[in-house]
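Protein chains: 2
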Amino acid sequence: MDRAAEDLTARARIRDAAITLFGERGIEGASIRDIAAEAGVSSGLVRHHFGSKEALRDACDRYAKERMIQIGAELTQDGDLTGLDPLALHPIAFPLQLYLVRSMMDGSETATALFLEGVDAVEAWAAGYGITPKDPRGYAAALAAIKLSVLILRDQVSKALGEDITTPAGYNRIGQALMEVFTIPLLTPEQVEKIRKQEK
Amino acid sequence: MDRAAEDLTARARIRDAAITLFGERGIEGASIRDIAAEAGVSSGLVRHHFGSKEALRDACDRYAKERMIQIGAELTQDGDLTGLDPLALHPIAFPLQLYLVRSMMDGSETATALFLEGVDAVEAWAAGYGITPKDPRGYAAALAAIKLSVLILRDQVSKALGEDITTPAGYNRIGQALMEVFTIPLLTPEQVEKIRKQEK
DNA sequence: GGCTTGACTACACGATCGTGTAGTAGTTTG
DNA sequence: CAAACTACTACACGATCGTGTAGTCAAGCC
Numbered sequence: 001m002d003r004a005a006e007d008l009t010a011r012a013r014i015r016d017a018a019i020t021l022f023g024e025r026g027i028e029g030a031s032i033r034d035i036a037a038e039a040g041v042s043s044g045l046v047r048h049h050f051g052s053k054e055a056l057r058d059a060c061d062r063y064a065k066e067r068m069i070q071i072g073a074e075l076t077q078d079g080d081l082t083g084l085d086p087l088a089l090h091p092i093a094f095p096l097q098l099y100l101v102r103s104m105m106d107g108s109e110t111a112t113a114l115f116l117e118g119v120d121a122v123e124a125w126a127a128g129y130g131i132t133p134k135d136p137r138g139y140a141a142a143l144a145a146i147k148l149s150v151l152i153l154r155d156q157v158s159k160a161l162g163e164d165i166t167t168p169a170g171y172n173r174i175g176q177a178l179m180e181v182f183t184i185p186l187l188t189p190e191q192v193e194k195i196r197k198q199e200k
Numbered sequence: 001m002d003r004a005a006e007d008l009t010a011r012a013r014i015r016d017a018a019i020t021l022f023g024e025r026g027i028e029g030a031s032i033r034d035i036a037a038e039a040g041v042s043s044g045l046v047r048h049h050f051g052s053k054e055a056l057r058d059a060c061d062r063y064a065k066e067r068m069i070q071i072g073a074e075l076t077q078d079g080d081l082t083g084l085d086p087l088a089l090h091p092i093a094f095p096l097q098l099y100l101v102r103s104m105m106d107g108s109e110t111a112t113a114l115f116l117e118g119v120d121a122v123e124a125w126a127a128g129y130g131i132t133p134k135d136p137r138g139y140a141a142a143l144a145a146i147k148l149s150v151l152i153l154r155d156q157v158s159k160a161l162g163e164d165i166t167t168p169a170g171y172n173r174i175g176q177a178l179m180e181v182f183t184i185p186l187l188t189p190e191q192v193e194k195i196r197k198q199e200k
């Protein structure tokens, strides 16, 4: 438990600790006792405030989703991002993203719904942007999954880069590498057609 | 335990069952008793053959990695793929891939090493192909992670598509959607430069 | 025939998990 | 002032986990 957490209520500390530990180790990998220790309370208090592990997870799901939508809205509503420094945002948004991805992989309905909403948004954006893939839905789903891939494989990607991508600097680096993937055409349409026939 | 498995030795059945269940549920999510039941043997026999859960996992890591390298070699060594029907290959290679990715995410050294080798291969391929990103290593790491993303998020992607991508047909569909991502430039270099400055 | 060896099972162990229960201290409310 | 409520802790419960131990059974070897 760090300094800033001391001012929070016990309930908020438990929720934040749960988001951190669930995100790092997965839902099964983090026990209620671990979370209680991280929050500096007894394990019974976790149960007192949230009822059960599944209910705690639900609360984390809804909180993390709401916060991420809120952050996204603040980022897109006005061009000038005064007060919203991307560097200052990272320590807040990154754990939330880690948690949501992990919870989603462990079967969360709420987090999966957020993913599906993301696919819808990407599909609509691509259509309005004049991008016309042969499979618009598949294209959008692939893009949405790609956005999360470096988050999920952060340990492996960090090892490949020799740089921790959970830091703001490292995250920025892999983000720009991802943009290069979207910028440089890897295959010509002719090559795609050739592979497509080969697989038939 | 299906029909074809009946001919295998108990040791092979245990290993195959472990790869399947570990791949589906993760290492912690699949117990030795589950694996034994899936293989149709007692839990004691798992211990008899492999010693411990960690040793079983090691054996699965090495077997899956070796098999995947072997399959990859057979696919690339000669142009004519007679005898290696991609459709027939899917039921064999897909569970192996699922297992390796899952084991990697759960901290396997062997599987992570395979990922790093993949990044090396992508980087060398891109260089020989005349692709010159500003961050070649980051570019290769991003591409390698992307290749695995739809595998990891298979449940979510399947839900977004309304089609199970673990089937050969579904896997083919998302594979082609991924190719479209690599074919259609999403951003112009000018846009990339603009975003790059904005993030500074 | 006796003996070893390997495949295999049954069962018990300690640890850890989520959960349930009982109780304390402090504050609020009538 | 007493009752009620809230935040919080300590402790015990059954289940499940990986692991350890003992023993059965069949095949191969002397």
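Those protein sequences? They're chains A and B, same order as listed. UniProt numbering puts the first residue of the first sequence at 1, with every later residue one more than the last. UniProt numbering puts the first residue of the second sequence at 1, with every later residue one more than the last. Each residue gets a CB set at the ideal place from its N, CA and C atoms; glycine is no exception.
_Residues of chain B with CB closer than 9 Å to the CB of arginine 137 of chain A, please, in chain order._
As a first step, residue 137 of chain A is located in the first sequence; it is residue number 137 there, counting from the start. Within chain B, the C-beta atoms nearer than 9 Å to that of arginine 137 of chain A come from Ala160, Leu161, Gly162, Ala177, in chain order.
*asked:* When you compare the CB positions of leucine 100 of chain A and aspartate 155 of chain A, do they come within less than 9 Å of one another, or not?
replied: If you number the first sequence from 1, residue 100 of chain A lands on position 100. If you number the first sequence from 1, residue 155 of chain A lands on position 155. Taking C-beta atoms as the reference points, leucine 100 of chain A and aspartate 155 of chain A fail to come closer than 9 Å.
_Check whether the stretch 142-156 of chain B and the stretch 142-149 of chain A are in contact - that is, three or more C-beta pairs closer than 8 Å._
As far as the Cβ criterion goes, the stretch 142-156 of chain B touches the stretch 142-149 of chain A, which means the pair count is three or higher.
*asked:* Contact criterion: CB-CB distance below 9 Å. Does isoleucine 35 of chain A meet it with respect to chain B?
replied: Locating residue 35 of chain A in the first sequence gives position 35, where the first residue counts as 1. It does not: the Cβ of isoleucine 35 of chain A has no partner Cβ on chain B nearer than 9 Å.
*Quick one: give me the first and last residue of the alpha helix (DSSP H) that proline 168 of chain B is part of.*
Within the second sequence, residue 168 of chain B is the residue found at index 168, counting from 1. Residue range 168-183 is occupied by the alpha helix (DSSP H) that includes proline 168 of chain B.
_Less than 9 Å between the beta carbons of proline 91 of chain A and threonine 183 of chain B, yes or no?_
Position 91 of the first sequence, counted from the start, is the residue given in the question as residue 91 of chain A. Position 183 of the second sequence, counted from the start, is the residue given in the question as residue 183 of chain B. At a Cβ-Cβ threshold of 9 Å, proline 91 of chain A and threonine 183 of chain B do not count as neighbours.
*What do you get for glycine 138 of chain B, buried or exposed, if any count of 16 or more other CB atoms within 10 angstroms of its CB means buried?*
Stepping through the second sequence from its first residue, residue 138 of chain B is reached at position 138. Buried: at least 16 other Cβ atoms inside 10 Å.
*Using DSSP with H/G/I as helix, E/B as strand and the rest coil, what is lysine 134 of chain B?*
The residue given as residue 134 of chain B occupies position 134 in the second sequence. Looking at lysine 134 of chain B - three-state DSSP - the assignment turns out to be coil, as it is neither helix nor strand.
*asked:* Tell me which residues of the stretch 131-157 of chain A have at least one Cβ-Cβ distance to chain B shorter than 8 Å, keeping chain order.
replied: Within the stretch 131-157 of chain A, Ile131, Pro133, Lys134, Asp135, Arg137, Gly138, Tyr139, Ala140, Ala141, Ala142, Leu143, Ala144, Ala145, Ile146, Leu148, Ser149, Val150, Ile152, Leu153, Asp155, Gln156, Val157 place their CB atoms closer than 8 Å to a CB of chain B, listed in sequence order.
*Contact between the stretch 122-133 of chain B and the stretch 162-176 of chain B (3+ Cβ pairs under 8 Å)*: With a cut-off of 8 Å, the stretch 162-176 of chain B and the stretch 122-133 of chain B do not count as touching, because too few Cβ pairs lie within range.
*asked:* Counting only Cβ-Cβ distances shorter than 8 Å, please list the residues of the UniProt domain "HTH tetR-type" (8-68) of chain B near chain A, keeping chain order.
replied: Listed by position along the chain: Gly26, Glu28, Gly29.
*Roughly how many whole angstroms lie between the Cα atoms of arginine 11 of chain A and valine 46 of chain A?*
In the first sequence, the residue the question calls residue 11 of chain A occupies position 11. In the first sequence, the residue the question calls residue 46 of chain A occupies position 46. Per the coordinates, the alpha-carbon of arginine 11 of chain A lies some 8 Å from the alpha-carbon of valine 46 of chain A.
_Here's the rule I'm using: 16 or more other beta-carbon atoms within 10 Å means buried, otherwise exposed. How should glycine 118 of chain B be labelled?_
On the second sequence, residue 118 of chain B is found 118 positions in, with the first residue counted as 1. With 16 or more other Cβ atoms within 10 Å, it is buried.
*With DSSP run on the structure shown, which of helix, strand or coil describes leucine 8 of chain B?*
As a first step, residue 8 of chain B must be located in the second sequence, where it is residue number 8. In the structure shown, leucine 8 of chain B falls within a coil segment according to DSSP collapsed to helix, strand and coil.
*Beta carbon of glutamate 163 of chain B, beta carbon of glycine 170 of chain B: below 9 Å?*
As a position in the second sequence, residue 163 of chain B is number 163, starting the count at 1. As a position in the second sequence, residue 170 of chain B is number 170, starting the count at 1. Cβ distance < 9 Å, so glutamate 163 of chain B and glycine 170 of chain B count as in contact.
*DSSP-derived helix/strand/coil call for glycine 107 of chain B*: Counting from 1 along the second sequence, the entry for residue 107 of chain B is found at position 107. In this structure, glycine 107 of chain B counts as coil in the three-state DSSP scheme.
*By a C-beta neighbour count over all protein chains shown, 10 Å radius and 16 as the cutoff for buried, is residue 208 of chain B buried or exposed?*
Nothing about residue 208 of chain B can be reported from this structure: the residues present for chain B run from 1 to 200 only.
*Taking Cβ to Cβ, would you say alanine 73 of chain A is nearer than 9 Å to leucine 116 of chain B?*
Counting from 1 along the first sequence, the entry for residue 73 of chain A is found at position 73. Counting from 1 along the second sequence, the entry for residue 116 of chain B is found at position 116. No; because the gap between Cβ atoms is not below 9 Å, this pair is not in contact.
*Can you grab the Cα-Cα spacing for the pair glutamate 66 of chain B / leucine 114 of chain B, in whole Å?*
Against the second sequence, residue 66 of chain B aligns to sequence position 66. Against the second sequence, residue 114 of chain B aligns to sequence position 114. Cα to Cα, the separation comes out at about 10 Å.
*Should isoleucine 27 of chain B go down as buried or exposed, given a rule of 16 or more other Cβ atoms within 10 Å for buried?*
Position 27 of the second sequence, counted from the first residue, corresponds to residue 27 of chain B. Isoleucine 27 of chain B is buried by the Cβ-count criterion.
*With a cut-off of 8 Å on the beta carbons, I'd call serine 103 of chain A and alanine 111 of chain A a contact; round off their distance for me.*
Here residue 103 of chain A corresponds to residue number 103 of the first sequence, with the count starting at 1. Here residue 111 of chain A corresponds to residue number 111 of the first sequence, with the count starting at 1. Alanine 111 of chain A and serine 103 of chain A do touch by the CB rule: their CB atoms are close to 5 Å apart, below 8 Å.
*Counting contacts by CB-CB distance shorter than 9 Å, is phenylalanine 94 of chain A in contact with chain B?*
Residue mapping note: residue 94 of chain A aligns to position 94 of the first sequence, counting from 1. So, not an interface residue.
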